[in-house]
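Residue numbers (the numbering used here): 51 to 180. The beta carbon of each residue, even a glycine, is placed where N, CA and C say it ideally should be.
Structure representation (structure tokens):
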């Protein structure tokens, strides 16, 4: 079974690049360009992981994580934050998130982080490292 991943990134080119990396690695992806759309997807579908930027329009990445914490807290363990912000600050707010990666992110680092998240959360692990 291919893991279903929600990619939340406001930059269209980055969002599309992340989608290509994950789909080539064996994931099915939905894309959200802002926090409001991400919450809509999260309310209407089940995801094994979330790739999340923090600096988003409409609702911030922090707002999205607060929504996840209130509705499906176990999913926090399968969030990979991809951001230009300081990872230590993010971990203070949400210590259970799986990984934080700095932009720009290498495809191999993204896939390795996603694999660790899926394995540690007990989700499907049939993805390849690109």
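Asked                                                                                                             : Found
Three-state secondary structure (DSSP) of residue 78                                                              : strand
Local Cβ density within 10 Å of residue 121, reported as buried at 16 or more and exposed below that              : exposed
Residues that residue 129 bridges to, as DSSP identifies them                                                     : 100
N-terminal and C-terminal residue of the beta strand (DSSP E) that residue 149 is part of                         : 149 to 152
Bounding residues of the beta strand (DSSP E) (the contiguous stretch that carries residue 56)                    : 54 to 58
Assigned exposure category for residue 128 - 16 Cβ within 10 Å defines buried                                     : buried
Residue 156 - DSSP class collapsed to helix/strand/coil                                                           : coil
DSSP state of residue 161 mapped onto helix, strand, coil                                                         : helix
Proximity below 9 Å, CB of residue 59 to CB of residue 132                                                        : yes
Residue 119, buried or exposed, once every other Cβ within 10 Å from all chains shown has been counted against 16 : exposed
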